[in-house]
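Chemist: The sequence shown begins at 18 in the working numbering and counts up by one. The beta-carbon is built from N, C-alpha and C at its ideal position, and this holds for glycine as well. Predicted model, so just to flag it, every value in this text is computed and none were measured.
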Amino acid sequence: MALSDLLKTTFERKASDLHLKVGVPPVLRIDGHLVPLENEKRLTQDDNIAIASSIMNPSQKARFNEKNELDMAYAVPGLGRFRVNIFKQRGSVGMVFRMVPAKILNFEDLVLPQVLVKIAQEQRGLILVTGTTGSGKSTTLAAMIDYINTSRTTNIVTIEDPIEFLHRDKKSIINQREIGSDTFSFSDALRSALRQDPDVILVGEMRDFETISIALTAAETGHLVLSTLHTVDTTETINRIISVFPPYQQKQVRMQLAAVIKGIISQRLVSRADGKGRVPAVEVMLGTLSVRESIIDDMKTRNIPQIISTGMVHYGMQTFDQSLLGLYKKGLITYEEALLSASNPDDFALKVKGIQSTSDIALEEDEKKRGGTGIRGTIGGTAPKPGGTTGYTQKPREAQEYKGTSGDSDFKIDRFGDK
């Protein structure tokens, strides 16, 4: 089967990835599961070399021959774009094609928590989208950039490896730069971007010390910086950023990060109960005063999950387990899938039964000491009511800006591409 036919099959079967490995038939990843195309012949070294050569230009071939691996984008008219990684393993050439949706979906299409709209309205600071490979990071970032592009006049610079979603100018001006063809590295492009009169800078991934350092400085000097990290939750994200710096700088970096952080969105995709794709479970942290204090004090950083949990009603923050609970109560995921994805399966099981865990009780006591009303109902109380309201027993304060959660409306089938 020709590459065009394989990619068409990938598209038609709603696969996220196509794997081409010597010695086995082509393999698709569908809803998180690897599915061999058993009717296809086993690929040979000549097959893969011919496919790789057909999609690379001369400069890409030179880079591949030098480094034995290459990231690139490949477009197929009528199907869409693919992010491609070409590599060598045990002397043979291998490839993975990641499907990038042709259309940039908005927050409503993706049924992401409404609080992401508030985050995308920030004018300056740092916004991070995190998760494992294949958790939908690039799709969420594309939705955020498109929201900004649609809603206000800004100069947006994106730095990507490779460019995945293609943006066109709407209210904003967008310049998209690709590592390898337009610039040599994330750090070089980010340093240059600061001299391009940017309002918004998207960095495809904060991979190293220099890129992270420049990104923090850019956010500190009045720009809105969006980026990704391959971390599983908020706490790991913060610790990862801090750990990149030498010990003598870490206190200063904690203060710098606390000053600029606007939000951290961590994602996991969970199989639907009806077998029709996956739905996103999303942890959302906002840069509230309590969060900033916990970033500055390394002894308090571990308390951030509890701060997120108690901030669900007040600010729209939510932990993974709160997101999973909403999905489970909606019938969108099974109890077994929820447990597999839960950060704390034992506590999650108690919450499903309407029983407070010991951590919940400790949180409630801490809230009462601060003069609050406790969190009973937010964690161990009634389930969200059908139809959109949260149904929690605790009433919002006068100054609250947000009342909804990701459980307010049904998630659709998995529309998340790449990262």
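What is the rounded straight-line gap between the Cα of residue 256 and the Cα of residue 367?
Modeler: C-alpha separation (whole angstroms): 29 Å.
Chemist: With a floor of 4 residues, list each alpha helix (DSSP H) that falls wholly inside the stretch 297-357, ordered by position along the chain.
Modeler: List check, alpha helix (DSSP H) in window: 306-313, 321-327, 329-332, 337-346.
Chemist: Exposed or buried, what is residue 372 when buried is set at 16 or more other beta-carbons lying within 10 Å of its beta-carbon?
Modeler: Exposed, since its Cβ has fewer than 16 Cβ neighbours within 10 Å.
Chemist: Could you spell out the range, first to last residue, of the alpha helix (DSSP H) harbouring residue 72?
Modeler: Run containing residue 72: 62-72, per the alpha helix (DSSP H) assignment.
Chemist: Count the other CB atoms within 10 Å of the CB of residue 74; is the residue buried (16 or more) or exposed (fewer)?
Modeler: By the 10 Å Cβ count, residue 74 comes out exposed.
Chemist: If the criterion is Cβ atoms closer than 8 Å, does the pair residue 259 and residue 270 meet it?
Modeler: A contact, by the Cβ cut-off of 8 Å.
Chemist: According to DSSP, residue 283 sits in a beta bridge with which residue or residues?
Modeler: Residue 283 is bridged to 147, 300.
Chemist: Please classify residue 272 as buried or exposed, where buried requires at least 16 other C-beta atoms within 10 Å of its C-beta.
Modeler: Answer is exposed; the Cβ neighbour count stays below 16.
Chemist: Going by CA-CA distance only, name the one from 46, 32, 348 that's closest to residue 290.
Modeler: Checking every option, the nearest Cα to that of residue 290 belongs to 348.
Chemist: Can you confirm whether the stretch 77-93 touches the stretch 36-54 when touching is taken to mean that 3 or more C-beta pairs between the two stretches lie within less than 8 Å?
Modeler: In short, these stretches do not touch, since the Cβ pair count stays below three.
Chemist: Buried or exposed for residue 203, going by 16 or more other Cβ atoms inside 10 Å?
Modeler: That one is buried.
Chemist: Hey, out of 355, 359, 370, 337, whose CA is closest to residue 130's CA?
Modeler: Selected option, being the one with the closest Cα: 337.
Chemist: Taking the alpha-carbon positions, what's the residue 313 to residue 305 distance?
Modeler: The alpha-carbon atoms of residue 313 and residue 305 are separated by roughly 12 Å.
Chemist: When we look at the beta-carbon of residue 201 and count the other beta-carbons within 10 Å, is it buried (16 or more) or exposed?
Modeler: Label assigned to residue 201: exposed.
Chemist: Starting from the C-beta of residue 105, find all residues in its chain whose C-beta is less than 6 Å away, skip the five residues before and the five after it, and write them out in chain order.
Modeler: Closer than 6 Å at Cβ, skipping near neighbours: 85.
Chemist: Is it right to say residue 151 is buried, meaning 16 or more other beta carbons lie within 10 angstroms of its own, or is it exposed?
Modeler: Answer is buried; the Cβ neighbour count reaches 16.
Chemist: Is there a Cβ from chain C that is less than 8 Å from the Cβ of residue 297?
Modeler: Here chain C cannot be found, since the structure has a single protein chain.
Chemist: Taking residue 67 as the reference, give the member of 322, 103, 176 with the closest Cα.
Modeler: The candidate whose alpha carbon is nearest that of residue 67 is 103.
Chemist: Do three or more CB pairs link the stretch 156-174 to the stretch 136-148 at distances below 8 Å?
Modeler: Yes, since at least three Cβ pairs between the stretch 156-174 and the stretch 136-148 fall closer than 8 Å, the two stretches touch.
Chemist: In terms of residue numbering, what span does the alpha helix (DSSP H) encompassing residue 209 cover?
Modeler: Here the alpha helix (DSSP H) through residue 209 covers 203-210.
Chemist: Does DSSP put residue 32 in a helix, a strand or coil?
Modeler: Correct three-state label for residue 32: coil.
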